[in-house]
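Number of protein chains: 2
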Amino acid sequence: MNKDDEIKKAILLAAKHVFQKWGLNKTTMEDIAHDAGKGKSTLYYYYKSKEEIFEAATNEELNNIAIRVRAIIEQIKSPKEKLKRYIAITLTEIKKTTSIYPLVKGEIKGNTKFIDKIRKQLDNREEAIVKEILKQGINSNEFNFLKEEQLDKAANVIVGIIRGLELYLFLEMDDEEKIDIITSLITEGL
Amino acid sequence: MNKDDEIKKAILLAAKHVFQKWGLNKTTMEDIAHDAGKGKSTLYYYYKSKEEIFEAATNEELNNIAIRVRAIIEQIKSPKEKLKRYIAITLTEIKKTTSIYPLVKGEIKGNTKFIDKIRKQLDNREEAIVKEILKQGINSNEFNFLKEEQLDKAANVIVGIIRGLELYLFLEMDDEEKIDIITSLITEGL
DNA sequence: ATTAGACTGATTTCGTATTTGAGTCGAAGG
DNA sequence: CCTTCGACTCAAATACGAAATCAGTCTAAT
């Protein structure tokens, strides 16, 4: 890795650090610069804007979650069980990640366009994973009621359900039995 | 019906009319009074407060929806099919009711306590209906995976899913195929 | 190529003056 | 009495202008 990337990485680390603590709106570029031990305009030498830094920071967090989640579900063979675990993990993991959760909850004001873009990215990632799991389930004939051509919409719906539950039942998300009912409901039906 | 109730009803009608048009925050007591052809303080003779009027108006709307919904699902015998129709109707009906939808979407600012109370009432109504359907399904052995003691939590989760979808997928709720996937997912599983 | 410090202008914040509107009251018509 | 009203109050919302903040730029110095 060259010097350039080293510094970009250092800035990102500082950014994640302060975003974690203060959120998108409350952290200033100076906060990030100070935490990185650099001048403010130095940040602009490496990144185009605050939004670009935020996007990069968010993406790294998302990658970390994705890596953890994939590590867990890859060990499971049954697609049904995979999906169950996936939903349960996502429901708890996203909430734990304080830099992502406000995003999901829509707690960020201002610049809706940008935020929507980031949120969309999050959705796309989740939908991709769910779709992958669903495809496996269809191929192994474990998901009887789902048809190949419904795959996209089904993934969209399932992520929608997850997101909705995050928004609506977030207070009670630590209730294991409830999570179990949710996952069973989706995989087994009533 | 005595004169007293007549006037209360007339005020409520006016209230529903203006609430429908302007929402809770933007309609003033004077608006309601004017629409009812009465003086403002007259309203206070019949109702304790603006909130009481709003609550009464909302309850009437809710009752109307409930009556329509019940009329439809009572004609269906299979609990599974009942629940399917129930979810589909609720998803479309609530959205159509412009006085209720902002409530569900949390678009009302100020006096959170009061709004939460009303929202809770809405949830309770929905949960009661869902619970009823689920109970029938358990008794007729149509819902294999659901156990009697999970009934409360299951109803809560299903309403949570409906609410979440209303919040999150509201843009695309007119997509019939998607609604079908949602209902099938819940009743049949994958 | 890299960094910093000073600068700019658009946006936010803040303090205050003004208006609005829910709820009260006393009086008056029926 | 029962019902209705217009005038009143006071807390909260709003409008607004001044002051501060901060993303992003520019220039100059390594």
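Heads up: the sequence lines are chains B and R, in that order. Just so you know, we're using this note's numbering here: the first sequence kicks off at 29 and counts up by one. Just so you know, we're using this note's numbering here: the second sequence kicks off at 29 and counts up by one. Idealized CB from N, CA, C, for every residue including glycine.
> Applying a beta-carbon distance threshold of less than 7 Å, which residues of chain R neighbour Phe142(B)?
Replying inline: Within the first sequence, the letter at position 114 stands for residue 142(B). Ordered by position in chain R, no residue passes the 7 Å Cβ test against Phe142(B), which lies about 19 Å from the chain.
> Going by alpha carbons, who is nearest to Ala182(R) out of Ala42(B), Thr211(B) and Ile186(B)?
Replying inline: Within the second sequence, numbered from 1, the residue matching residue 182(R) stands at position 154. The shortest CA-to-CA distance from Ala182(R) to any of Ala42(B), Thr211(B) and Ile186(B) is the one to Thr211(B).
>> Below 7 Å on C-beta distance, what does Tyr196(B) contact in chain R?
In response: Here residue 196(B) refers to the residue found at position 168 of the first sequence. When 7 Å is used as the limit between beta carbons, Tyr196(B) is near these residues of chain R: Gly188, Arg191, Gly192 and Leu195, in chain order.
> Near Ala45(R), what residues of its chain come up, given a Cβ to Cβ distance below 7 Å and the 5 sequence neighbours on each side ignored?
Replying inline: By one-based count along the second sequence, residue 45(R) stands at place 17. Checking the displayed sequence, the identity of residue 45(R) turns out to be His instead of Ala. Beyond the five residues adjoining it in sequence on each side, His45(R) comes within less than 7 Å, by CB distance, of Asp63 in the same chain, given in chain order.
> Taking C-beta to C-beta, are Arg191(R) and Tyr196(B) nearer than 8 Å?
Replying inline: As a first step, residue 191(R) is located in the second sequence; it is residue number 163 there, counting from the start. As a first step, residue 196(B) is located in the first sequence; it is residue number 168 there, counting from the start. Yes; because the gap between Cβ atoms is below 8 Å, this pair is in contact.
> What are the residues of the stretch 164-184 of chain R that lie near chain B, defined by any Cβ-Cβ distance shorter than 7 Å?
Replying inline: Here the close residues are Gly165, Phe171, Phe173, Leu174, Gln178, Lys181 and Ala182.
>> Let's test the definition: count the other Cβ atoms within 10 Å of the Cβ of Tyr114(B) and tell me whether it reaches 16, buried, or not, exposed.
In response: Within the first sequence, the letter at position 86 stands for residue 114(B). Tyr114(B) sits buried, since 16 or more C-beta atoms from the chains shown fall within 10 Å of its C-beta.
> According to the Cβ coordinates, are Ile39(B) and Leu90(B) closer than 8 Å?
Replying inline: Residue numbering aside, residue 39(B) sits at position 11 when the first sequence is read from its first letter. Residue numbering aside, residue 90(B) sits at position 62 when the first sequence is read from its first letter. No; because the gap between Cβ atoms is not below 8 Å, this pair is not in contact.
>> Against chain R, with Cβ distances strictly below 8 Å, would Ile210(B) count as a contact?
In response: For the purposes of this step, residue 210(B) is identified with residue 182 of the first sequence, where counting begins at 1. It does; some Cβ of chain R falls within 8 Å.
> According to the neighbour-count rule (16 or more other Cβ atoms, all chains shown, within 10 Å of its Cβ), is Lys110(B) buried or exposed?
Replying inline: Position 82 of the first sequence, counted from the start, is the residue given in the question as residue 110(B). Classification for Lys110(B): buried.
> Is there contact between the stretch 118-134 of chain R and the stretch 150-164 of chain R, where contact requires at least three CB pairs shorter than 8 Å?
Replying inline: Pairwise C-beta distances place the stretch 118-134 of chain R in contact with the stretch 150-164 of chain R, as three or more of them are shorter than 8 Å.
> Thinking C-alpha only, which one of Ile146(R), Ala116(R) and Lys123(R) is nearest Ile81(R)?
Replying inline: Taking the second sequence and counting its residues from 1, one reaches residue 81(R) at position 53. Of the candidates Ile146(R), Ala116(R) and Lys123(R), the one whose C-alpha sits nearest the C-alpha of Ile81(R) is Ile146(R).
> Using a C-beta to C-beta distance shorter than 9 Å, which residues of chain R count as neighbours of Leu213(B)?
Replying inline: Position 185 of the first sequence, counted from the first residue, corresponds to residue 213(B). Those are Phe173, Leu174, Ala182, Val185, Ile186, Ile189, Leu213, Ile214 and Gly217, listed as they occur along chain R.
>> Here's the rule: buried if 16 or more other CB atoms are within 10 angstroms of the residue's CB, otherwise exposed. What is Tyr206(R)?
In response: Within the second sequence, residue 206(R) is the residue found at index 178, counting from 1. A quick correction: the sequence has Lys, not Tyr, at residue 206(R). Lys206(R) comes out buried.
>> For Lys159(R), report the span of its alpha helix (DSSP H) as first-last.
In response: Residue mapping note: residue 159(R) aligns to position 131 of the second sequence, counting from 1. Lys159(R) -> alpha helix (DSSP H) spans Thr140 to Asn167.
>> Counting only Cβ pairs nearer than 7 Å, list the residues of chain R close to Lys206(B).
In response: Counting from 1 along the first sequence, the entry for residue 206(B) is found at position 178. One finds Lys181 and Val185 in chain R with Cβ atoms closer than 7 Å to the Cβ of Lys206(B), taken in chain order.
> How would you call Thr56(B), buried or exposed, if buried means at least 16 neighbouring beta carbons within 10 angstroms?
Replying inline: As a working note, residue 56(B) is residue 28 in the first sequence. So Thr56(B) counts as exposed.
> Taking DSSP as the reference, what is the three-state secondary structure of Glu194(R)?
Replying inline: As a working note, residue 194(R) is residue 166 in the second sequence. Three-state result, Glu194(R): helix.
> When the Cα atoms are used, what is the spatial distance from Phe142(R) to Glu79(R)?
Replying inline: As a first step, residue 142(R) is located in the second sequence; it is residue number 114 there, counting from the start. As a first step, residue 79(R) is located in the second sequence; it is residue number 51 there, counting from the start. Taking the Cα positions, Phe142(R) is about 8 Å away from Glu79(R).
> Excluding the five sequence neighbours on either side, which residues of its own chain have a C-beta within less than 7 Å of the C-beta of Phe47(R), listed in chain order?
Replying inline: Locating residue 47(R) in the second sequence gives position 19, counting from the first residue. These residues qualify, in order along the chain: Thr55, Phe82, Ala85 and Ser127.
> Given Glu88(B), which residues of its chain have a CB within under 7 Å of its CB, disregarding the five upstream and five downstream residues?
Replying inline: Working through the first sequence from its first residue, we reach residue 88(B) at position 60. The beta carbon of Glu88(B) is closer than 7 Å to those of Leu40 and Lys44 in its chain, skipping five residues each way along the sequence.
>> Quick check: Lys108(R) and Thr215(R), are their CB atoms within less than 8 Å of each other?
In response: Counting from one through the second sequence, the residue named residue 108(R) turns up at place 80. Counting from one through the second sequence, the residue named residue 215(R) turns up at place 187. Cβ distance < 8 Å, so Lys108(R) and Thr215(R) count as in contact.
> Buried or exposed: Gly165(R), going by 16 or more other Cβ atoms within 10 Å of its Cβ?
Replying inline: Taking the second sequence and counting its residues from 1, the one referred to as residue 165(R) is at position 137. Here Gly165(R) is buried, its C-beta having at least 16 other C-beta atoms within 10 Å.
>> Tell me which residue opens and which closes the alpha helix (DSSP H) that Thr70(R) is part of.
In response: Numbered from 1 along the second sequence, position 42 holds the residue referred to as residue 70(R). For Thr70(R), the enclosing alpha helix (DSSP H) covers residues Lys68 to Tyr74.
> By the 10 Å Cβ neighbour count, where 16 or more other Cβ atoms means buried, how is Glu58(R) classified, buried or exposed?
Replying inline: Indexing the second sequence from 1 puts residue 58(R) at position 30. Under a 10 Å Cβ-count criterion, Glu58(R) is classified as exposed, with fewer than 16 other Cβ atoms of the shown protein chains found around its own Cβ.
> Can you list, in chain order, the residues of its chain whose CB lies under 7 Å from that of Ile117(R), leaving out five sequence neighbours each side?
Replying inline: Locating residue 117(R) in the second sequence gives position 89, counting from the first residue. Val97 and Ile100, listed in sequence order.
> DSSP three-state call for Glu216(B): helix, strand or coil?
Replying inline: One-based indexing of the first sequence puts residue 216(B) at position 188. Look at Glu216(B) here: in three-state DSSP terms it is helix.
> Among the residues of its own chain, which have a CB less than 8 Å from the CB of Asp32(B), if the five just before and after it don't count?
Replying inline: By 1-based counting over the first sequence, the position of residue 32(B) is 4. For Asp32(B), where only same-chain residues beyond five positions count, the Cβ hits under 8 Å are Tyr74.
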